[in-house]
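Residue numbers (my numbering): 141 to 400.
Structure, rendered in structure tokens:
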């Protein structure tokens with residue numbers, strides 16, 4: 141049972157998990173201070189777990205220095221196996237009743253969690269942020285690709301969810317752990333990751349939640365492109381091709397009964 145945050149000053153209520161791969165420039169513009177400042181004034185206890193995914197820039201040093209002066213922040217060091225693996229690693233350490241996944245660039249600022257948390261008291265197990273169509277600072281090409289991906293994905297699975305790819309997702313702790321334990325596509329891929337990858341792991345995560353009968357709520361959140369990191373070496377065409385292929389693999393796995 142989820143208690144109201146106001147009743148949770150004596151126990152850990154919220155764990156914020158932040159994956160980190162070559163985020164130096166985002167860290168240098170103060171996103172960690174923004175997160176800790178917000179959490180410090182909330183009526184519940186919280187923690188931040190930064191899960192480094194084998195960064196090759198100065199991200200690890202910067203996050204570890206920050207954690208030394210902020211006792212609610214913890215940094216995990218992992219080999220580079222991709223975002224889903226970094227998140228799964230952090231789930232072994234979270235203490236909060238609710239776990240929030242959020243990106244380091246804070247394109248969806250942490251304060252938006254206030255829109256998600258009330259839904260746990262209404263019986264939902266998973267609550268996800270949804271960016272809508274008005275994505276500030278996103279390029280026209282990115283907006284077009286997002287619409288194509290959404291239409292393709294909805295034609296196959298998760299027909300009632302508009303935005304699977306927003307990095308702002310929360311779930312009850314044990315539910316989040318169970319969902320990550322059931323991922324198949326991205327566990328198979330974690331040994332072959334090279335460099336930065338945008339993946340559709342979110343699709344599999346939400347599909348597993350649906351298959352297991354968990355109540356999922358999609359909530360509109362503010363989003364504005366804030367990513368200034370230069371060490372990710374993004375490839376738009378490669379990312380788009382791989383994400384479409386990953387959706388097909390989830391659908392194929394379902395047809396074979398993998399998620400039963």
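No residue lacks a Cβ here, since even glycine has one placed at the ideal position from N, Cα and C.
Taking one beta carbon from each stretch, the segment 172 to 189 and the segment 258 to 273 have fewer than 3 pairs nearer than 8 Å; the two do not touch. Per DSSP, the beta bridge partners of residue 241 are 157 and 309. For residue 293, the uninterrupted alpha helix (DSSP H) segment begins and ends at 280 to 296. Residue pairing of residue 270 in beta bridges, as defined by DSSP: 360. Going by C-alpha positions, residue 339 is about 6 Å away from residue 383. Straight across, the Cα-Cα distance linking residue 388 with residue 222 is about 19 Å. Distances from the CA of residue 343 to each of 319, 236, 200 and 156 were compared; the closest alpha carbon is that of 319. Going by DSSP, residue 214 is part of the beta strand (DSSP E) stretching over 213 to 218.
DSSP places residue 190 in the uninterrupted beta strand (DSSP E) bounded by 185 to 193. Each residue's CA atom was taken as its position, placing residue 208 and residue 166 some 19 Å apart. In the DSSP annotation of this structure, residue 252 is not part of any alpha helix (DSSP H), being labelled neither H nor E. Residue range 164 to 168 is occupied by the alpha helix (DSSP H) that includes residue 166. DSSP places residue 225 in the uninterrupted alpha helix (DSSP H) bounded by 223 to 230. Boundaries of the alpha helix (DSSP H) harbouring residue 206: 199 to 208, taken from the DSSP string. Going by beta carbons, residue 309 and residue 241 fall inside the 9 Å limit. Between residue 192 and residue 218, the C-beta gap is smaller than 9 Å, which places the two residues in contact. Residue 345 sits close to residue 323, with the two beta carbons spaced by under 9 Å.
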